[in-house]
Each structure stands twice: as structure tokens, then as C-alpha cells.
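Per mature numbering (1 follows the signal peptide of the UniProt record, and there is no 0), the sequence shown runs over residues -27 to -1, 1 to 64.
Glycine is no exception: its CB is placed at the ideal position from the N, C-alpha and C atoms.
The block underneath contains the structure these notes are about, expressed in C-alpha cells.
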Amino acid sequence: MITKITLNMKARIAFLLAIILSPPVYSGSPPQDEKLLQSLIQRGIICKGLSYDEQQEALRIYLNRKARKDKSPSEAPDSNSFKTCIAPHKK
């Protein structure tokens, strides 16, 4: 009887630990923002010489544009469709 209770408690503790420690596993891998950003800068899609905050804003603009193009079936998404490099407006 005691061993059954002990095993039951150990199973509950293991279950709780698994729940507590598993969210990082289920959240997926972190986005590779820096690698993507550097690639977009090298390809001329995002302008060179921007500050960190401006780069992040330009990346956000790029991803929003790409998401909109992916949703519209009439126009095929193409990274070369950007006529000039992306830079956020100066405030």
C-alpha cells in the first residue's frame, strides 16, 4: 500500500515537473531574426546603415508586406518585387 502511494506521488511530481519544464520545448525554436535581417540587408531588401531599432522596424515592415502578398492569390510573392530598400520613416 505504501509503495503504491509513493509511486503515485512520484508520478504526480514527474508529471508536474514535465508540465513546468516543457513550455520552452513546445514554443518552437526562436526566430532567426538576426540571420534573416543580415540576409535581407545583403540582398538589398533592407537598407544598410540603419540603427538597431530602425533595422527591427524595417524587418517588421518587410514581414508585414510579405504576409500581405502571401494572402493575395493574384500576385505571387517575390522578394525581388521591392523596388527600393526598406527603411522606416524618420520621426
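Spatially closest choice to residue i from the options, by CA coordinates
| i | options | result |
| --- | --- | --- |
| Leu23 | Thr(-22), Ala40, His62 and Asn(-20) | His62 |
| Ile59 | Thr(-22), Gln15, Ile(-9) and Thr(-25) | Gln15 |
| Leu36 | Ile18, Tyr25 and Leu(-11) | Ile18 |
| Asp26 | Met(-19), Leu(-21), Asp6 and Ala40 | Asp6 |
Cβ neighbour criterion (16 or more within 10 Å) applied to residue i
| i | result |
| --- | --- |
| Ala31 | buried |
| Leu13 | buried |
Distance, residue j Cα to residue i Cα
| i | j | result |
| --- | --- | --- |
| Lys42 | Lys21 | 24 Å |
| residue 66 | Lys44 | Nothing about residue 66 can be read from this structure; the chain reaches only from -27 to 64. |
| Ile(-15) | Ile(-9) | 10 Å |
| Leu(-11) | Thr57 | 51 Å |
| Gln29 | Ile(-23) | 54 Å |
| Arg33 | Thr(-25) | 57 Å |
| Ala(-17) | Leu(-7) | 15 Å |
(request) With a floor of 4 residues, list each alpha helix (DSSP H) that falls wholly inside the stretch 4 to 41, ordered by position along the chain. (result) 6 to 15
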